[in-house]
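Those protein sequence lines, which keep their order, are chains F and A.
Whatever position you read off the first sequence (first residue = 1), add 77 for the working numbering.
Whatever position you read off the second sequence (first residue = 1), add 150 for the working numbering.
Note that CB positions come from ideal geometry on N, CA and C, so glycine has one too.
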Amino acid sequence: MTLGDYIRDSQIWKSIFRHPAPYDRRNRVVVMLTNFFLHLHPVSVKKQGIALSYTWCMGGITFFLFLVETVTGVLLMFYYRPTLEHAFNDILALRDVTTLGIMREIHRWGAHAMVITVWLHMYRVFLTGSYKPPREFNWVVGVLLLVLTLLLSFTGYLLPWDQLAIWAITVGSNMARATPFLGHEGPGAQILNLGGYDLITNASDARFILLGGRFVGEATLNRFYILHCVAIPLVVAGLIAIHFWRVRKDGGISQPL
Amino acid sequence: MNPHPDLTPDVIRGIGWLYLLLFAMNIFWTVRSYKRQESVGRLAAWAMYTVMLGVVGVAHVTVQSGSEQFLIRMPVWFKTLIDAGAKPQYYFALSIALFAAVVWLREQLVKPTVSWLILNGMVLFMTLSMTDYDFRQIVGKPDNVPIVSMLFIVAFFTWLYFKRAVDNDQRIAAGKPLFEQEDNEKVLVWPDLVYTEMICMVILTAILVAWGIVLQAPLEEPASASRTPNPSKAPWYFLGLQEMLVYYDPWMAGVVLPSMILVGLMALPYIDFNKKGNGYYTFNERKFSVLTFMFGFLPLWIGLIILGTFLRGPNWNFFGIYELWDVHKLVVLNNVNLSEYFWTWMGQPLPVAEAGSSKFLQIVMILKREWLGLVLVAGYLGALPMVMAGTIFRKFFMRMGFIRYMVFANLVLFMACLPIKMVLRWAFNLKYIVAIPEWFFNI
Chain F
78 MTLGDYIRDS
88 QIWKSIFRHP
98 APYDRRNRVV
108 VMLTNFFLHL
118 HPVSVKKQGI
128 ALSYTWCMGG
138 ITFFLFLVET
148 VTGVLLMFYY
158 RPTLEHAFND
168 ILALRDVTTL
178 GIMREIHRWG
188 AHAMVITVWL
198 HMYRVFLTGS
208 YKPPREFNWV
218 VGVLLLVLTL
228 LLSFTGYLLP
238 WDQLAIWAIT
248 VGSNMARATP
258 FLGHEGPGAQ
268 ILNLGGYDLI
278 TNASDARFIL
288 LGGRFVGEAT
298 LNRFYILHCV
308 AIPLVVAGLI
318 AIHFWRVRKD
328 GGISQPL
Chain A
151 MNPHPDLTPD
161 VIRGIGWLYL
171 LLFAMNIFWT
181 VRSYKRQESV
191 GRLAAWAMYT
201 VMLGVVGVAH
211 VTVQSGSEQF
221 LIRMPVWFKT
231 LIDAGAKPQY
241 YFALSIALFA
251 AVVWLREQLV
261 KPTVSWLILN
271 GMVLFMTLSM
281 TDYDFRQIVG
291 KPDNVPIVSM
301 LFIVAFFTWL
311 YFKRAVDNDQ
321 RIAAGKPLFE
331 QEDNEKVLVW
341 PDLVYTEMIC
351 MVILTAILVA
361 WGIVLQAPLE
371 EPASASRTPN
381 PSKAPWYFLG
391 LQEMLVYYDP
401 WMAGVVLPSM
411 ILVGLMALPY
421 IDFNKKGNGY
431 YTFNERKFSV
441 LTFMFGFLPL
451 WIGLIILGTF
461 LRGPNWNFFG
471 IYELWDVHKL
481 VVLNNVNLSE
491 YFWTWMGQPL
501 PVAEAGSSKF
511 LQIVMILKRE
521 WLGLVLVAGY
531 LGALPMVMAG
541 TIFRKFFMRM
551 GFIRYMVFAN
561 LVLFMACLPI
571 KMVLRWAFNL
581 KYIVAIPEWF
591 FNI
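As structure tokens, this is what we get:
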């Protein structure tokens with residue numbers, strides 16, 4: 078009996094893993110059914126459906142990057158304080174003195190990569206026609222996830238609180254000012270007026286709601302921090318669950334009909 | 151003659167590594183040619199090219215002193231030529247032409263030698279361009295590195311798509327089974343899929359860590375509300391939208407058009423009634439949808455991001471890839487509204503309500519001033535879909551039914567409104583089709 082066999086035969090091991098090691102065909106099936114982390118997968122798939130030149134692996138990579146962003150992001154949250162006083166200096170310290178400050182680099186590059194991989198995933202799903210019936214709705218969920226990925230990246234862009242950050246967010250959020258009806262420089266906003274008082278002003282329009290102020294300031298930092306670290310990730314996690322569940326229920330990974 | 155700090159030994163050595171990368175790539179290719187027993191002439195050509203790259207690469211990497219007597223650079227006349235022709239209309243026309251060429255010549259493009267030559271050409275062009283100071287400044291910005299790699303990655307996957315699609319189209323034409331249907335028995339997920347996933351995760355982690363070590367995440371000066379950088383750019387993935395601001399007001403470019411992109415994407419599966427091409431790569435069986443999507447994704451989305459990132463400098467002026475980002479560059483701009491064109495052509499002044507006239511009269515005069523533009527826009531979105539239903543989209547109209555067709559036609563028209571406005575701007579200096587700044591309503 079080798080050491081490996083001894084460990085796998087122990088009561089502790091057996092209590093954690095609900096199945097024998099996947100050495101034979103039967104146990105390779107069982108492992109997929111009894112392991113929490115593997116049960117997202119089916120037991121067997123068509124060979125061409127998982128070929129790299131077919132799927133490009135981009136959906137999986139995007140999910141993995143989401144996990145990387147979650148882990149590095151949580152680690153960064155232990156260190157970073159979203160206030161005007163500390164935000165920039167904390168990032169500076171992460172760069173220059175903090176042990177494992179590389180988490181910030183990984184977080185930022187991972188975020189850029191995730192934006193690109195999510196586009197490529199959409200590109201591939203389109204090009205293989207995988208949005209066609211019965212998978213229409215899952216494509217819609219995917220579009221929502223695409224938007225949320227961009228919003229995650231956009232809200233995170235502000236947090237370093239350097240020139241790059243606030244001006245990129247200023248340029249981006251200036252658009253909200255021109256929202257039809259809801260922005261104070263948007264067409265139709267003048268109509269929303271009660272007894273001579275404008276309902277939509279620069280202190281009550283879509284941009285104000287987004288920024289928590291008339292310009293990008295401390296309230297914005299707080300708002301974006303909560304959106305970036307809590308609100309959007311929760312929604313994304315929920316939609317990812319739906320997205321994966323629908324992949325399985327809509328006939329598995331895309332294949333010729 | 152050279153106003154910029156030039157090639158330091160560090161930069162030259164960096165460029166040398168790019169040559170060595172090309173060298174390594176072409177060793178592989180030469181060996182491949184040898185194994186495939188290609189003709190002696192070809193083999194010799196590849197071998198010579200490879201050796202040359204190796205020599206050049208080593209010469210660069212081992213360089214001790216900088217630049218002046220040095221070596222291989224992008225010729226000045228070429229850079230001048232590129233910069234002289236740097237205008238958004240040329241860039242856009244070129245990207246459309248490139249897109250058309252890729253689709254048109256797809257069967258040639260997917261041949262291994264052709265694609266290998268193109269890849270070599272792209273990397274060589276990048277390498278040579280790196281000898282230019284201004285090019286290095288833009289491309290080497292840490293936040294821009296992912297965009298450069300995105301360019302190569304998107305090109306690669308577009309190529310891969312065409313390779314698989316051309317193969318399948320030939321199979322369909324010959325009545326043979328699809329590539330995806332051959333050798334397609336069921337396999338167990340453990341080990342065939344979970345191992346792939348694990349290897350993928352390991353490689354990705356390695357890439358991210360290496361990337362994090364080599365390139366520091368950007369951190370500029372502390373935020374200051376009083377110092378506006380020039381240019382002020384949105385995050386890179388929104389630069390296509392920022393580029394639209396040149397042609398449309400924020401309410402269109404920043405709100406309506408992005409919303410239409412999302413609505414269009416979500417509506418896509420309900421519009422595309424074509425049952426073919428589900429679960430395999432093909433071009434011929436779904437030409438229209440692939441071309442429309444690719445047009446939106448490649449020249450309009452990716453193309454405008456590249457434009458916004460690399461070619462838009464201070465004051466959002468257009469700069470060539472080898473051009474200094476000069477804050478004082480002046481571009482003559484005299485854009486004219488359609489209503490101004492119209493009333494000048496009529497030989498009348500613009501209709502204006504007299505001071506103190508009633509609110510109603512003011513509205514009437516504004517509508518009178520802009521009537522032509524309003525009619526054109528209404529016709530574009532209201533009448534044109536019906537005209538197209540009877541002509542070019544007749545088949546679509548019959549298959550889709552009224553509501554579905556109207557949604558489809560309007561989405562297509564919204565997508566087309568960007569290139570249309572671009573062309574109008576370049577050809578007639580047209581500023582707004584409808585210009586009602588009084589109501590923030592400019593189109």
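query                                                                                                                                                                                  : result
Within 8 Å of any Cβ in chain F, is that where the Cβ of F552 (chain A) sits?                                                                                                          : no
Let me know the secondary structure DSSP gives V347 (chain F) once reduced to three states.                                                                                            : In this structure chain F extends from 78 to 334, so residue 347 (chain F) is not present and cannot be described.
Which residues mark the beginning and the end of the alpha helix (DSSP H) in which S183 (chain A) is found?                                                                            : P159 to K185
So, at 6 Å on beta carbons, what are the nonlocal neighbours of A164 (chain F) in its own chain, with the 5 sequence-adjacent residues on each side left out?                          : W238
On the DSSP bridge list, what partners appear for L267 (chain A)?                                                                                                                      : Bridge partners of L267 (chain A): none, in fact.
Within 10 angstroms of its Cβ, does N592 (chain A) collect 16 or more other Cβ (buried), or is it exposed?                                                                             : buried
Count the other C-beta atoms from every protein chain shown that fall within 10 angstroms of the C-beta of L177 (chain F), then say buried if there are 16 or more, exposed otherwise. : exposed
So, at 6 Å on beta carbons, what are the nonlocal neighbours of F249 (chain A) in its own chain, with the 5 sequence-adjacent residues on each side left out?                          : L448 and P449
From L412 (chain A) to V220 (chain F), what does the alpha carbon distance come to, in whole angstroms?                                                                                : 7 Å
Does S92 (chain F) pass the burial test, meaning 16 or more other C-beta atoms within 10 Å, or should it be called exposed?                                                            : exposed
What distance in whole Å lies between the Cβ atoms of Y387 (chain A) and S207 (chain F), which are believed to be in contact at a cut-off of 8 Å?                                      : Their Cβ separation, rounded to whole angstroms, is 23 Å, which puts S207 (chain F) and Y387 (chain A) out of contact at 8 Å.
Expressed to the nearest angstrom, what Euclidean distance is found between the alpha-carbon atoms of A539 (chain A) and F547 (chain A)?                                               : 6 Å
Step through the CB atoms of chain F and report whether any lies within less than 8 Å of the CB of D257 (chain A).                                                                     : With the sequence shown as reference, residue 257 (chain A) is identified as Glu, and Asp is not the correct amino acid for it. Closer than 8 Å: no.
Quick check on W322 (chain F) - is its C-beta less than 8 Å from some C-beta in chain A?                                                                                               : no
On the CB-based measure, 16 or more other CB atoms within 10 Å of its CB, does K229 (chain A) come out buried or exposed?                                                              : buried
Would you tell me roughly how many angstroms separate the C-alpha atoms of V260 (chain A) and N270 (chain A), rounded to the nearest one?                                              : 15 Å
Check whether the Cβ atoms of D282 (chain F) and G260 (chain F) lie closer than 8 Å to each other.                                                                                     : yes
What does the alpha-carbon distance come out to for the pair I542 (chain A) and A533 (chain A)?                                                                                        : 14 Å
Answer with yes or no whether the minimum CB distance from M272 (chain A) to chain F is below 8 Å.                                                                                     : no
Could you round the C-beta distance between P159 (chain A) and V208 (chain A) to whole angstroms and report it? I think they count as a contact, below 8 Å.                            : P159 (chain A) to V208 (chain A), Cβ: 15 Å. No contact.
Just how far apart, CA to CA, sit S279 (chain A) and D317 (chain A)?                                                                                                                   : 35 Å
Determine the direct distance from the alpha carbon of F460 (chain A) to that of A234 (chain A), and round the result to whole angstroms.                                              : 16 Å
For F173 (chain A), I'd like the list of residues in its chain whose CB is within less than 6 Å of its CB, leaving aside the five on either flank, ordered along the chain.            : L203, G204 and G207
Does the CB of T139 (chain F) have a neighbour CB from chain A at under 8 Å?                                                                                                           : no
For T346 (chain A), decide whether its Cβ has a neighbour in chain F, counting only Cβ atoms nearer than 8 Å.                                                                          : yes
Does the pairing of the segment 350-357 of chain A with the segment 295-314 of chain A give three or more beta-carbon distances under 8 Å?                                             : no
State the DSSP-derived secondary structure class of Y241 (chain A), mapped to helix, strand or coil.                                                                                   : helix
Among F:P99, F:V151 and F:G137, which residue has its Cα nearest to the Cα of V307 (chain F)?                                                                                          : F:V151
Mind checking if Y311 (chain A) is an interface residue toward chain F, Cβ cutoff 8 Å exclusive?                                                                                       : yes
Closest by CA to I286 (chain F), which one among F:N166, F:I317, F:T139 and F:M252?                                                                                                    : F:M252
I want to know whether the segment 214-228 of chain F touches the segment 316-328 of chain F - three or more CB-CB distances under 8 Å.                                                : yes
Does any C-beta atom of chain F lie closer than 8 Å to the C-beta of R314 (chain A)?                                                                                                   : yes
Under three-state DSSP, which class holds Y157 (chain F)?                                                                                                                              : coil
Step through the CB atoms of chain A and report whether any lies within less than 8 Å of the CB of L228 (chain F).                                                                     : no
Whose CA, out of F:Q88, F:I89 and F:L115, lies closest to the CA of P99 (chain F)?                                                                                                     : F:L115
Got a sec: which bits of the segment 323-340 of chain A sit with their beta carbon under 7 Å from any beta carbon on chain F, in order along the chain?                                : L328, E330, Q331, D333, N334, E335, K336, V337, L338, V339 and W340
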